[in-house]
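A.B. asks: Next up is a structure, given as structure tokens.
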Amino acid sequence: MRTSFKQAAAGLVAAATLVYAGTAAQAVEGAVQYPHGAEGFYAGALPPPGTYFLGYGIRYDGTLQNASGNDVVTPGGTVDLEVNAIAARVVHMTDKTLFGGQYGVHAIVPVFRNTVSIGGASNTNTGLGDITVNPFILAWHRPDLHTAVGLDINIPTGKYSTTRPLGNNIGANYWSFEPLLAVTWLPGDGWEVNGKFMYNTKLENPDTNVRSGDEIHVDYTIGKTVAENLTLGVGGYWVHQVTDDELNGVSLNNKARVFAIGPQVKYQAGATSLIAKWHHEVESKSAFQGDRVILKVVTPF
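Using the working numbering, you'd call the opening residue of the sequence shown number 94 and step up by one each time.
Put into structure tokens, the structure is as follows:
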């Protein structure tokens, strides 16, 4: 099986390089460092001073798409990706303020199990992903509007190899920096409108000399509280690559696009929030396209 997968992977790389150079370069770079759609309900309403634990369980199944939004078909068949991940996030909000905003920090540690399948052959990779830290969070609160800004720093701690096939690396093997703005608007009658807006810029991968393009990506949720402890909503994510991938400084002329939408639900059990989401990617270009399920728990220490 391992030999057949290597042969299929070789065919994949050859085909992808010819007809899909931008995606091939980006996918070989490694895992996506931010789990799209992770935030939603009360995205901009950071909690009072204290320390909080957020746990995530994520399942993703998708098929690689070309720049026209069609399946990439190699001699071995389509390229399918299955991701199972868990992540622990710790948020600490202080009673200190700066520019009128409440100061806080956070860190995220993910673990992945990725399986790439080409035809009947598959290969699995398991391990620690890239750790994210944010040393600078500021949050402002009004009765009907909550906002927060910060700077996520993604550290290349995850497993990575240039010999792994598309989508099978757990780490990205580059640093990236992501300023963010999160907003929650409460118009009344139990409604909430949420958006988390991020701009991700990446450094070059030193092992491949590839610099993946900058991206704008947005998590969004519109929800309504329908019972004392129950909120229903719809949301998803939008990803728009704004600069080309570059190999040795030469543009590869390809940009990823993804849009996803689906139902969400939150149950409030005392101080603990339990959240479930399903996101269906209705459009994808130069990226994988599929479905993502996220289970999330938020609780104070």
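Positions of the beta carbon are idealized from the N, C-alpha and C atoms, including for glycine. Remember, predicted model here, so these are calculated numbers, not experimental data.
#1: Expressed to the nearest angstrom, what Euclidean distance is found between the alpha-carbon atoms of A138 and L238?
#2: Taking 6 Å as the limit between beta carbons, can you name the residues of its chain near T392, skipping five residues before and five after?
#3: Opposite A131 in the DSSP bridges: which residues?
#4: I believe G197 touches V209 by the beta-carbon criterion, under 8 Å. Please report the beta-carbon distance rounded to the nearest angstrom.
#5: Quick test of the definition: if touching needs 3 or more C-beta pairs under 8 Å, does the segment 154 to 164 touch the segment 186 to 204?
#6: In chain order, what residues of the same chain lie with their CB nearer than 8 Å to the CB of P356, ignoring the 5 residues before and after it?
#7: Considering only C-alpha positions, which residue in the set D188, G162, G193, K295 is nearest to G143?
#8: When you compare only the Cα positions, how much space is there between W284 and L191?
#9: How is the beta strand (DSSP E) around G150 delimited, first residue to last?
#10: Do N207 and V176 have their C-beta atoms within less than 7 Å of each other?
#11: Bridge partners for N177 per DSSP, in chain order?
#12: Near W331, which residues of its chain fall below 6 Å by C-beta distance, leaving aside the five closest residues on each side in sequence?
#13: Looking only at C-alpha atoms, which of I309, W233, E271, N216 sits nearest to N262?
#14: By a C-beta neighbour count over all protein chains shown, 10 Å radius and 16 as the cutoff for buried, is F205 buried or exposed?
#15: Can you tell me whether DSSP reads V121 as helix, strand or coil?
#16: Restricting to Cα atoms, I'd like to know which of K359, Q334, P299 is closest to A320.
#17: Could you please give me the residues that DSSP links to F381 through a beta bridge?
C.D. replies: Inspection of the coordinates gives the following:
#1: Distance between the alpha carbons of A138 and L238 is about 8 Å.
#2: F146, T365
#3: Answer by DSSP bridge pairing: none, since A131 is not bridged.
#4: G197 to V209, Cβ: 37 Å. No contact.
#5: no
#6: L325, G326, V327, K370, W371
#7: D188
#8: 29 Å
#9: 143 to 157
#10: yes
#11: R152, R206
#12: V311, F352
#13: N216
#14: buried
#15: Because V121 sits at a pLDDT of 46, beneath the cut-off of 50, its placement in the model cannot be relied upon, and the following sentence gives the value as read from the coordinates. Helix.
#16: K359
#17: L157
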